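Colleague:
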Amino acid sequence: MSSFRLHHKKSATALSEHAWKLKDNKKDFKISWEIIEKSAAYSTKTKKCNLCLSEKYFIVEEKPALNKRKEILSTCMHTRKYLLKNAKESRRTNDKVDLDGHDGANEIEAVPDDAPEEDGEKHCVVHR
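So the sequence shown is numbered by the UniProt record's numbering: it starts at 1 and just counts up by one.
(1) Buried or exposed, going by whether 16 or more other CB atoms sit within 10 Å of the CB of Ser74?
(2) State buried or exposed for Glu55, treating a residue as buried only when at least 16 other CB atoms are found within 10 Å of its CB.
(3) Applying the criterion that 16 or more other CB atoms from any shown protein chain within 10 Å of the CB defines a buried residue, is Leu51 buried or exposed?
(4) Which whole runs of the beta strand (DSSP E) in the stretch 7-49 are 3 residues long or more, in chain order?
(5) Measuring alpha carbon to alpha carbon, tell me which of Ile36, Ala87 and Ala19 ends up nearest Lys30.
(6) Pick out whichever of Thr44, Thr79, Ile35 and Thr46 has its Cα sitting closest to the Cα of Phe58.
(7) Going straight from the alpha carbon of Asn86 to that of Arg80, what length do you get?
Here is the structure:
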């Protein structure tokens, strides 16, 4: 992670702050990761993000934890791609013929840059 290598990002997360304190004190450390649960990211159907909910659950359950209160209360970052301001414009041609026999007009549709094909297909992992 860049927050462990780049000094200007040392306050990016609680874990990076802790790692930089150890580095500054010339102490060796090892960070190990474990997948504790797989969860689906934000769903536009349910308006919930199971990934963020799972992460918050495991942060609360873990004692002692490096995470700060603001990390638990933060909003879901996975909803940002579904905001209209983050949508890109894509042109799709309507090939249907209307009742008058004229070709359909071009339509403009707002589509997120990296929207999944269907809700629930994209899975993210919670790390400890």
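Note that beta-carbon positions come from the ideal geometry of N, C-alpha and C, so glycine has one too. From a predicted model like this one, the values you see are computed outputs, not experimental measurements.
Modeller: According to the structure data:
(1) exposed
(2) buried
(3) buried
(4) 35-40
(5) Ala19
(6) Ile35
(7) 7 angstroms
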